[in-house]
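Student: Using the numbering used here, read the sequence shown as starting at 544 and increasing by one per residue.
Just so it is clear, CB atoms sit at the ideal spot from N, CA and C, and this is done for glycine as well.
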Amino acid sequence: MEDLSYLTDKKFTEFDLVPELLQGLEAAGFNCCTKIQAESLPLALAGNDVAGQAQTGTGKTAAFLLAIFNHLLTRPRHEQHQPTSVRAVVLAPTRELAIQIHRDARLLGKYTDLRLGLVYGGTGYQQQRDSLSEGVDVLIGTPGRLIDYFRQGVFDLKSVQVVVLDEADRMFDLGFIKDIRFILRRMPPPAERLNLLFSATLSHRVHELGYEHMNDPNEIKIDADTVVVEQLVEEVYYPANPEKLPLLLGLLKQTGGERVLI
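1. Within the same chain, show all residues whose beta-carbon is closer than 6 angstroms to that of Glu557, passing over the 5 residues directly before and after it, in chain order.
2. Given Asp699, which residues of its chain have a CB within under 6 angstroms of its CB, disregarding the five upstream and five downstream residues?
3. Give the DSSP-derived three-state secondary structure of Ala767 in the structure shown.
4. Once DSSP output is grouped into helix, strand and coil, what is the label at Thr798?
5. Rounded to the nearest angstrom, what separates Lys553 and Ala581 at their Cα positions?
6. Hey, Asn738 and Asp647: beta-carbon distance below 8 angstroms or not?
7. Among Thr551, Glu563, Asn761, which one has its Cα closest to the Cα of Leu609?
8. According to DSSP, simplified to helix, strand and coil, what is Val749?
9. Among all the DSSP beta bridges, which residues are the ones paired with Thr577?
10. Should Thr655 and Leu616 be called a contact, given that it needs their Cβ atoms to be closer than 8 angstroms?
11. What span of residues does the alpha helix (DSSP H) with Leu615 cover, start to end?
12. Are the CB atoms of Leu745 and Ala641 nearer to each other than 8 angstroms?
13. How many angstroms separate the CA atom of Arg736 from the CA atom of Leu689?
14. Apart from the five residues on each side of it in sequence, which residues of its chain come closer than 7 angstroms, Cβ to Cβ, to Ala606?
15. Out of Glu639, Pro619, Val632, Leu650, which has the shortest C-alpha to C-alpha gap to Ala571?
16. Where DSSP assigns a beta bridge to Phe504, which residues make up the other side?
17. Taking C-alpha atoms, which residue in Ala597, Pro789, Asn761, Thr798 lies nearest to Val776?
18. Which whole-angstrom value describes the C-beta separation of Met487 and Pro731, a residue pair presumed to lie in contact below a C-beta threshold of 8 angstroms?
19. Taking Ser674 as part of the alpha helix (DSSP H), name the residues at either end of that continuous run.
20. CB-CB under 7 angstroms to Arg713, same chain, minus the five flanking residues each way: which ones, in chain order?
21. Ordered along the chain, which non-local residues of its own chain (more than five positions away) have a Cβ less than 7 angstroms from that of Lys603?
22. Would you tell me roughly how many angstroms separate the C-alpha atoms of Ala587 and Val707, rounded to the nearest one?
23. Under the assumption that Gln704 contacts Arg630 (Cβ atoms under 8 angstroms), give the Cβ distance between them as a whole number of angstroms.
24. Alpha carbon to alpha carbon, how far is Glu755 from His806? Give it in angstroms, no decimals.
25. Would you call Leu727 buried or exposed, if buried means 16 or more other Cβ atoms sit within 10 Å of its Cβ?
26. Output the distance between the C-alpha atoms of His624 and Gly696, rounded to the nearest integer angstrom.
Shown next, in the form of structure tokens:
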């Protein structure tokens, strides 16, 4: 039997979500909320900032995507909105995470008319730039590539209504904090936008970032004493360079190659 212990009894239909989002949730097979969704959505949907401690696999991505979409679909555009203006920004520390967020956004926002953009470093420079030329409502990406396009005037941040920092602790670990502050300071003041932050740990430096760039955020901690989701098992190997590939192939054979992320 499938383990559904991570779900709550709270259903998405109990929230004041627009019909297009409820339709997307139904099509995706989502019925009941996880803990982070049940606790953060009521606050975010009411327009309150949220700083959530939640790990990968807890459903935080769906939580902030639903909050973004509902916020934009129930409110008019900013008075300074231009064709190049972005209405919401989601910042992720890695391109893999940005791609996953974009994939989930397409799934949940399938029945909305919101335009999604995705930018990340390492590949597809001109293609990504061209994809923003006609304007997007929700821009998902990594800080470096996003700043690059911003400085070229490909889009502007004057009309941002929602901003999400995902895996904020990783932003610090990877040295992105100056880039994050650069981006946030080009947006309207914190009191004029919805600010959502999610992190595996709400450390002092993450709290400091929230204090500086958020509007009195509501703090939520999900399984604060557990750094890894219960269904996951962590193991560490220390192979020499020549042993890495054989070890990887052996692990893939052992797992059967199902649901593997490398």
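Tutor: So, from the listed chains and residues:
1. For the purposes of this step, residue 557 is taken as residue 14 along the sequence shown, with counting starting at 1. Cβ neighbours of Glu557 beyond the five flanking positions: none.
2. As a working note, residue 699 is residue 156 in the sequence shown. Cβ neighbours of Asp699 beyond the five flanking positions: Thr627, Ser628.
3. Reading the sequence shown from its first residue, position 224 is the one you call residue 767. With a pLDDT of 48 at Ala767, under the threshold of 50, the predicted position of this residue should be treated as unreliable, though the coordinate-derived value follows. DSSP, read as helix, strand or coil, puts Ala767 in coil.
4. Walking along the sequence shown from the start, residue 798 turns up at place 255. Of the three classes helix, strand and coil, the one that applies to Thr798 here is helix, per DSSP.
5. Translated into the one-based positions of the sequence shown, residue 553 becomes position 10. Translated into the one-based positions of the sequence shown, residue 581 becomes position 38. Cα to Cα, the separation comes out at about 6 angstroms.
6. Mapped onto the sequence shown, residue 738 falls at position 195. Mapped onto the sequence shown, residue 647 falls at position 104. No.
7. Here residue 609 refers to the residue found at position 66 when the sequence shown is read from its first residue. The shortest Cα separation from Leu609 among Thr551, Glu563, Asn761 belongs to Glu563.
8. In the sequence shown, residue 749 corresponds to position 206, counting from 1. DSSP places Val749 in helix when its eight states are reduced to three.
9. Locating residue 577 in the sequence shown gives position 34, where the first residue counts as 1. According to DSSP, which records beta bridges pairwise, Thr577 is partnered with Leu550.
10. Taking the sequence shown and counting its residues from 1, the one referred to as residue 655 is at position 112. Taking the sequence shown and counting its residues from 1, the one referred to as residue 616 is at position 73. Yes, the Cβ-Cβ distance between Thr655 and Leu616 is below 8 angstroms.
11. Numbered from its first residue, the sequence shown carries residue 615 at position 72. From DSSP, the alpha helix (DSSP H) with Leu615 extends over 603-616.
12. Against the sequence shown, residue 745 aligns to sequence position 202. Against the sequence shown, residue 641 aligns to sequence position 98. No.
13. In the sequence shown, residue 736 corresponds to position 193, counting from 1. In the sequence shown, residue 689 corresponds to position 146, counting from 1. Spanning the two alpha carbons is a distance of roughly 19 angstroms.
14. Along the sequence shown, one-based indexing puts residue 606 at 63. Once the five neighbours on either side are set aside, the close Cβ partners of Ala606 are Ile579, Gln580, Ser583, Leu584.
15. As a working mapping, residue 571 is identified with position 28 in the sequence shown. Considering only alpha carbons, the answer is Leu650.
16. With the chain represented from 544 up to 805, any question about residue 504 goes unanswered, as that position is not in the structure.
17. As a first step, residue 776 must be located in the sequence shown, where it is residue number 233. Taking only the C-alpha atoms, the option nearest Val776 is Thr798.
18. Only positions 544 to 805 of the chain appear in this structure, which leaves residue 487 out of reach.
19. Counting from 1 along the sequence shown, the entry for residue 674 is found at position 131. 668-674 is the extent of the alpha helix (DSSP H) around Ser674.
20. Stepping through the sequence shown from its first residue, residue 713 is reached at position 170. Taking Arg713 as the centre and dropping the five residues before and after it, the same chain places the C-beta of Pro636 closer than 7 angstroms to its C-beta, in chain order.
21. Position 60 of the sequence shown, counted from the first residue, corresponds to residue 603. Here the set comprises Ile579, Gly595, Ala597, Phe741.
22. As a first step, residue 587 must be located in the sequence shown, where it is residue number 44. As a first step, residue 707 must be located in the sequence shown, where it is residue number 164. Each residue's Cα considered, the two are about 11 angstroms apart.
23. Indexing the sequence shown from 1 puts residue 704 at position 161. Indexing the sequence shown from 1 puts residue 630 at position 87. Yes, they are in contact, since the Cβ atoms of Gln704 and Arg630 sit about 5 angstroms apart, within 8 angstroms.
24. Nothing about residue 806 can be read from this structure; the chain reaches only from 544 to 805.
25. For the purposes of this step, residue 727 is identified with residue 184 of the sequence shown, where counting begins at 1. Leu727 should be labelled buried.
26. Against the sequence shown, residue 624 aligns to sequence position 81. Against the sequence shown, residue 696 aligns to sequence position 153. Going from the Cα of His624 to the Cα of Gly696 covers about 15 angstroms.
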